[in-house]
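Participant: Count along the sequence shown from 1, add 123, and you get the number used in the numbering used here.
Note that the Cβ used here is the ideal one computed from N, Cα and C, for glycine as well.
Quantities reported herein were computed from a predicted structural model and do not represent experimental measurements.
Please find one structure pasted underneath; my questions will follow.
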Amino acid sequence: MTRRTGLSPERQERYARTGYLFPFTVLTAAELAAYRSDYERLEPHLGDPPASPLHAQCHMHFRWAFELATRPSVLDLVEDLIGHDILVHTTTLFRKRPRDPAFVSWHQDDFYWGLDAPSLVSAWVALSDSTTENGCMRVLPGTHRRRLPHEERPNRDNMLRAGLQLSGEVDESEAVDFVLEAGQASLHHAQLVHGSRGNRSDRERIGFAIRYVSPAVHQQRPHHAVVLARGKDEHGNYELLERPPSPDFEQALAAHLAFWESRPARPADRPPAALAPEA
Ligand SMILES: O=C(O)CCC(=O)C(=O)O
């Protein structure tokens, strides 16, 4: 039996204090090349963010994205942060072309969902190198301890469709850049403030963000099916995806397009009133 390679107590303590950890090498060179090639095949069909929702929930329809989202090398890390029972809640491909002005405004991930506990951790897996120049993710350490007020200011270059952003001035002086090599991953807490700037380089930047939640966490907003990635779900808070998606690309693409076709144009609109951010 292979041993689980989890997080040391020191790293768990650091996560509790700062709300993030990086870098972790989670893909071999061969695995990275295979996922990149699967991604390249899909890329022409995705449209441009933020208008196109097709970058989200690929793991529900494409076998490679499902496998990437359920990799033991990532689940081993996540298990030490949210427990042995793990659901894949959502995934998003974040792609910036060379010299792309696309940015991500400062925000907390759990703002819209209405989770009754922030027991959700995101892994951001780099499918290309991610650097300060090409617009890597940035975080504000220690901001995960409470929910902060947000507002929506749509902007065509913002990769968050609704333009969700922290209200008021943001002090960026303590910001940390998640510089990652392709095949590495970072972890961040559901309430950690993060964002990213545009791509000032001639190189593409591609990341696959996977959000993992404990089955014990109840979500107020309706949700699509989740994947039971490890352990068991004794809570029944979510519908479970019945089986892994087909490995056939055309079938997967048809399922992905049909899924998004059937959904409202803006699935995550406003937080329910009960979710008014803490002052
Ligand atoms: O890829 C980025 O620049 C931002 C990613 C992000 O907002 C997320 O993973 O939640």
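1. Using a threshold of 8 Å, state whether the C-beta atoms of residue 262 and residue 299 are closer than that.
2. In chain order, what residues of the same chain lie with their CB nearer than 7 Å to the CB of residue 363, ignoring the 5 residues before and after it?
3. I want to check one thing, is the minimum distance from the CB of residue 321 to the heavy atoms of ligand 1 below 7 Å?
4. Distance, Cα to Cα, residue 252 vs residue 157?
5. Excluding the five sequence neighbours on either side, which residues of its own chain have a C-beta within less than 7 Å of the C-beta of residue 402, listed in chain order?
6. Could you name the residues that DSSP lists as bridge partners for residue 330?
7. Any heavy atom of ligand 1 closer than 7 Å to the Cβ of residue 317?
8. Under the criterion of a Cβ to heavy atom distance below 7 Å, does residue 227 qualify as lining ligand 1?
9. Taking three-plus beta-carbon pairs below 8 Å as touching, is the region 189-208 in contact with the region 226-235?
10. Run the proximity test for residue 332: is its beta-carbon closer than 7 Å to any non-hydrogen atom belonging to ligand 1?
11. Could you tell me the boundaries of the beta strand (DSSP E) in which residue 353 lies?
12. Excluding sequence positions up to five away, which residues of its chain have a Cβ less than 8 Å from the Cβ of residue 360?
13. Does DSSP put residue 212 in a helix, a strand or coil?
14. Taking the alpha carbon of residue 353 as the reference point, which residue from 295, 344, 206, 286 has its own alpha carbon closest?
15. Taking 7 Å as the cut-off, is the beta-carbon of residue 217 closer than that to any non-hydrogen atom of ligand 1?
16. Using 10 angstroms around the beta-carbon of residue 161, count the other beta-carbons present and answer buried if the total reaches 16, otherwise exposed.
17. In three-state DSSP terms, what is residue 178?
18. Which first and last residues belong to the beta strand (DSSP E) in which residue 261 is found?
19. At what residues does the alpha helix (DSSP H) containing residue 226 begin and finish?
20. Using the Cα positions of residue 378 and residue 250, report the straight-line distance between them to the nearest angstrom.
21. Is there contact between the region 214-226 and the region 269-277, where contact requires at least three CB pairs shorter than 8 Å?
22. In chain order, which beta strand (DSSP E) runs of at least 3 residues are fully inside the region 128-160?
23. Assuming the contact rule is C-beta atoms closer than 8 Å, residue 301 and residue 309 should be a hit. Round their C-beta distance to whole Å, please.
Facilitator: For this structure:
1. yes
2. 348, 349, 351, 356
3. no
4. 16 Å
5. Below a pLDDT of 50, predicted positions are generally treated as unreliable, and residue 402, at 26, falls in that range; no measurement from the model is reported.
6. 217, 249
7. yes
8. yes
9. no
10. yes
11. 350-353
12. 338, 339, 340, 341, 342
13. strand
14. 206
15. yes
16. buried
17. helix
18. 260-262
19. Unbroken run through residue 226: none, as it is neither H nor E.
20. 24 Å
21. no
22. 143-148
23. 5 Å
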